[in-house]
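**Student:** So our numbering is basically just the index in the sequence shown, starting at one, shifted up by 48.
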Amino acid sequence: MQIGLDIGRQYVKMVVVEKTRDGLKLLNVDSKLIPEKNKPFDPENIDTPLIVMAVKELINRMSLKPKHFRHLTTGISGSNISIKQITTMDMSTDELKASMMFEARKHMPMDGTDAVIDYQVLGPNRFEADKIDVVLVACTKGVRTSHQKLLKDIGLKADIIDSGPIAIMNAFLHSHQSSEEGAVILLDIGAVSTSLVVWGEQDLFFTRDIPRGVHDLVKDIATKRSITYREAQDYLQSEGAAALEVEQPADTSLISVTERSSLDIFLEDVRRTLRFYTKNSKQSHFSTLYLSGGGGNVKGLKEYMEENLQIKSQVMNPLANLETKDKTSIEDPSQYAVATGLAVRKGFEA
Numbered sequence: 049m050q051i052g053l054d055i056g057r058q059y060v061k062m063v064v065v066e067k068t069r070d071g072l073k074l075l076n077v078d079s080k081l082i083p084e085k086n087k088p089f090d091p092e093n094i095d096t097p098l099i100v101m102a103v104k105e106l107i108n109r110m111s112l113k114p115k116h117f118r119h120l121t122t123g124i125s126g127s128n129i130s131i132k133q134i135t136t137m138d139m140s141t142d143e144l145k146a147s148m149m150f151e152a153r154k155h156m157p158m159d160g161t162d163a164v165i166d167y168q169v170l171g172p173n174r175f176e177a178d179k180i181d182v183v184l185v186a187c188t189k190g191v192r193t194s195h196q197k198l199l200k201d202i203g204l205k206a207d208i209i210d211s212g213p214i215a216i217m218n219a220f221l222h223s224h225q226s227s228e229e230g231a232v233i234l235l236d237i238g239a240v241s242t243s244l245v246v247w248g249e250q251d252l253f254f255t256r257d258i259p260r261g262v263h264d265l266v267k268d269i270a271t272k273r274s275i276t277y278r279e280a281q282d283y284l285q286s287e288g289a290a291a292l293e294v295e296q297p298a299d300t301s302l303i304s305v306t307e308r309s310s311l312d313i314f315l316e317d318v319r320r321t322l323r324f325y326t327k328n329s330k331q332s333h334f335s336t337l338y339l340s341g342g343g344g345n346v347k348g349l350k351e352y353m354e355e356n357l358q359i360k361s362q363v364m365n366p367l368a369n370l371e372t373k374d375k376t377s378i379e380d381p382s383q384y385a386v387a388t389g390l391a392v393r394k395g396f397e398a
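#1: Rounded to a whole number of angstroms, what is the C-alpha to C-alpha distance between Phe-110 and Gly-212?
#2: Around the C-beta of Val-169, are 16 or more other C-beta atoms found within 10 angstroms, so that it is buried, or is it exposed?
#3: Which word fits Glu-151, buried or exposed, when buried means at least 16 other C-beta atoms lie within 10 angstroms of its C-beta?
#4: Who are the Cβ neighbours of Leu-302 in its own chain at under 7 Å, not counting the five residues just before and after it?
#5: Within the same chain, show all residues whose beta-carbon is closer than 6 Å to that of Ile-359, passing over the 5 residues directly before and after it, in chain order.
#6: Does the region 215 to 235 come close enough to the region 194 to 204 to have 3 or more Cβ pairs within less than 8 Å?
#7: Please determine, among Val-64, Leu-244, Met-364, the residue with the shortest C-alpha to C-alpha distance to Leu-322.
#8: Along the chain, which unbroken stretches of the beta strand (DSSP E) at least 3 residues long are found entirely within the region 223 to 295?
#9: Less than 8 Å between the CB atoms is what I'm expecting for Met-62 and Ala-387, so what's the real figure, rounded?
#10: Taking the straight line between their C-alpha atoms, what separation do you get for Arg-57 and Pro-91?
#11: Taking the continuous alpha helix (DSSP H) assigned at Phe-89, which residues delimit it?
#12: According to the neighbour-count rule (16 or more other Cβ atoms, all chains shown, within 10 Å of its Cβ), is Ile-378 buried or exposed?
#13: For the 8 Å Cβ check, are there 3 or more pairs between the region 322 to 331 and the region 177 to 193?
#14: Report the residue from Ala-391, Leu-311, Lys-267 whose alpha carbon sits nearest the alpha carbon of Pro-88.
#15: Could you tell me the distance, in whole angstroms, from the CA atom of Ile-99 to the CA atom of Ser-274?
#16: Would you list, in sequence order, the uninterrupted beta strand (DSSP E) runs of no fewer than 3 residues that lie entirely inside the region 55 to 85?
#17: Can you tell me whether Asn-108 is buried or exposed? The criterion is at least 16 other CB atoms within 10 Å of its CB, across all chains shown.
#18: Using alpha carbons as the reference points, say which of Gln-281, Pro-366, Leu-370, Ala-368 lies closest to Lys-85.
#19: As a quick exercise: from Leu-53, Ile-165, His-263, pick the residue whose alpha carbon is nearest that of Lys-145.
#20: For Tyr-277, tell me which candidate among Gly-288, Leu-265, His-119 has the shortest Cα-Cα distance.
#21: Can the beta-carbon of Lys-179 be found closer than 7 Å to that of Thr-141?
#22: What does a CB cutoff of less than 7 Å around Asn-356 pick up in its chain, not counting 5 residues either side in sequence?
#23: Under the three-state reduction of DSSP, which class applies to Thr-171: helix, strand or coil?
#24: Compute the beta-carbon to beta-carbon distance between Ile-51 and Ala-391, rounded to the nearest angstrom, for a pair I have assumed lies under 8 Å.
#25: Around the C-beta of Asn-93, are 16 or more other C-beta atoms found within 10 angstroms, so that it is buried, or is it exposed?
#26: Check each candidate in His-116, Pro-83, Ile-124, Leu-81 and name the one with the smallest Cα separation from Asp-210.
#27: What is the residue span of the alpha helix (DSSP H) that Met-353 lies within?
#28: Could you tell me which residues DSSP pairs with Ser-163 in its beta bridges?
#29: Ordered along the chain, which non-local residues of its own chain (more than five positions away) have a Cβ less than 8 Å from that of Tyr-352?
#30: Could you check whether Asp-257 and Ala-385 sit closer than 7 Å to each other, using their CB atoms as the reference points?
#31: Answer yes or no: does any C-beta atom of chain C fall closer than 7 Å to that of Arg-118?
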């Protein structure tokens, strides 16, 4: 039994799979709201006890026994972790480890504790014969220790602590067997931030944390329509992206930044990130944009992104290639991208 536990800012999600002769079988999947249901979501006021209680309630609701957990994988996301593809000279294992530690200190904010790194050699660089491509994942010991303490408070111990963006990529690779020409964009929209991942078999691996999520959309709706946060949540769910439309003046030069919707600002963040990627990788062809996360299935968002970016867009179903015990439909599978990627991690290592 392999378990993926995704501890977000608003929801905790869990996916349970097991190996079969034909691949992986989905045993259980569920999610639990962290804050109290009738209170507005405040990302600055989510205390650890609320997270602990939410995970325990989720485990109980899924009829799981923590003492029987084997192969539990959890993830660290957001600005707490740094992921970067690096091109370096081909060298011995010890030299490479020292080099990666040096790179980690260069690319991530330190908190006074040592860096913790993991890396994977992708293979020879396509353009320079004496160099190799390496994906480096790093966080600080302080971040890792804090995550381990949270798990201990819940009564769990992780076999693997992965990263959110790598989990999203693994979920995509498991659910999409056919390779696509050009790089794909994976956009996992959470409550307060969005993970953007660019992946292609022959392309530079890239990830960036965009500090905007569903919470920003809901706040925007509540402000513009003078309604409560809870009413704005319901409005976003029923109307989708249309709930954020701003009536534009005939002269578009009169539009100020404050009049732009949070969705327009989010789009510009994505566009700016893709321009940065194109400039640094020389890759300008993106085959498909896949939406996932709690905000990935917002009505009309797929069409909005496709129209404005001119990139084919669709909602990811990370559970697509998992065998299922029954045909019961799962509400919004796209929200489980990170949890699924964590759960299938063992499968990728085998």
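Every residue gets a Cβ at the ideal spot worked out from N, C-alpha and C, and that includes glycine.
**Tutor:** The answer reads as follows:
#1: As a working mapping, residue 110 is identified with position 62 in the sequence shown. As a working mapping, residue 212 is identified with position 164 in the sequence shown. A small fix is needed here, since residue 110 is Met in this sequence, not Phe. Met-110 and Gly-212: Cα-Cα distance of roughly 23 Å.
#2: Working through the sequence shown from its first residue, we reach residue 169 at position 121. Exposed, because fewer than 16 other Cβ atoms sit within 10 Å of the Cβ of Val-169.
#3: In the sequence shown, the residue the question calls residue 151 occupies position 103. Buried, since its Cβ has 16 or more Cβ neighbours within 10 Å.
#4: Reading the sequence shown from its first residue, position 254 is the one you call residue 302. Annotation note: pLDDT 48 at Leu-302 (below 50); position unreliable, coordinate value reported separately. Cβ neighbours of Leu-302 beyond the five flanking positions: none.
#5: Taking the first residue of the sequence shown as 1, we reach residue 359 at position 311. Within the same chain, Ile-359 has close Cβ partners Phe-334, Leu-337.
#6: no
#7: Numbered from 1 along the sequence shown, position 274 holds the residue referred to as residue 322. The shortest C-alpha separation from Leu-322 is found at Leu-244.
#8: 231 to 237, 242 to 247, 254 to 258
#9: Numbered from 1 along the sequence shown, position 14 holds the residue referred to as residue 62. Numbered from 1 along the sequence shown, position 339 holds the residue referred to as residue 387. The Cβ separation is near 6 Å, so the contact holds.
#10: Within the sequence shown, the letter at position 9 stands for residue 57. Within the sequence shown, the letter at position 43 stands for residue 91. Computed Cα separation, rounded: 7 Å.
#11: Counting from 1 along the sequence shown, the entry for residue 89 is found at position 41. That residue, Phe-89, is in no alpha helix (DSSP H); it is neither H nor E in DSSP.
#12: Sequence index remark: in the sequence shown, residue 378 carries index 330 (1-based). So Ile-378 ends up on the exposed side.
#13: no
#14: Looking up residue 88 in the sequence shown gives position 40. When only C-alpha atoms are compared, the closest one is Lys-267.
#15: For the purposes of this step, residue 99 is taken as residue 51 along the sequence shown, with counting starting at 1. For the purposes of this step, residue 274 is taken as residue 226 along the sequence shown, with counting starting at 1. Cα to Cα, the separation comes out at about 30 Å.
#16: 59 to 68, 71 to 81
#17: Position 60 of the sequence shown holds residue 108. Exposed, because fewer than 16 other Cβ atoms sit within 10 Å of the Cβ of Asn-108.
#18: Counting from 1 along the sequence shown, the entry for residue 85 is found at position 37. Taking only the C-alpha atoms, the option nearest Lys-85 is Gln-281.
#19: To locate residue 145, count along the sequence shown from 1; it is residue 97. The shortest C-alpha separation from Lys-145 is found at Ile-165.
#20: Against the sequence shown, residue 277 aligns to sequence position 229. It is Leu-265.
#21: Here residue 179 is taken as the residue at index 131 of the sequence shown, counted from 1. Here residue 141 is taken as the residue at index 93 of the sequence shown, counted from 1. Result no, Cβ atoms of Lys-179 and Thr-141 do not sit closer than 7 Å.
#22: As a position in the sequence shown, residue 356 is number 308, starting the count at 1. Excluding sequence neighbours, Asn-356 sits near Leu-315.
#23: Mapped onto the sequence shown, residue 171 falls at position 123. The question names Thr, but residue 171 is Gly in the sequence shown. Of the three classes helix, strand and coil, the one that applies to Gly-171 here is strand, per DSSP.
#24: As a first step, residue 51 must be located in the sequence shown, where it is residue number 3. As a first step, residue 391 must be located in the sequence shown, where it is residue number 343. That belief holds up - the Cβ atoms of Ile-51 and Ala-391 are roughly 6 Å apart, short of 8 Å.
#25: Here residue 93 corresponds to residue number 45 of the sequence shown, with the count starting at 1. Label assigned to Asn-93: exposed.
#26: As a working mapping, residue 210 is identified with position 162 in the sequence shown. That would be Ile-124, whose Cα lies nearest to the Cα of Asp-210.
#27: The sequence position of residue 353 within the sequence shown is 305, counting from 1. Its alpha helix (DSSP H) spans residues 349 to 357.
#28: Looking up residue 163 in the sequence shown gives position 115. According to the sequence displayed, residue 163 carries Ala and not Ser. Answer by DSSP bridge pairing, in chain order: Thr-188.
#29: Residue numbering aside, residue 352 sits at position 304 when the sequence shown is read from its first letter. Hits under 8 Å: Ala-289, Leu-311, Leu-315.
#30: For the purposes of this step, residue 385 is taken as the residue at position 337 of the sequence shown. For the purposes of this step, residue 257 is taken as the residue at position 209 of the sequence shown. For Ala-385 and Asp-257, no; Cβs fall outside 7 Å.
#31: Of the protein chains in this structure there is only one, and it is not chain C.
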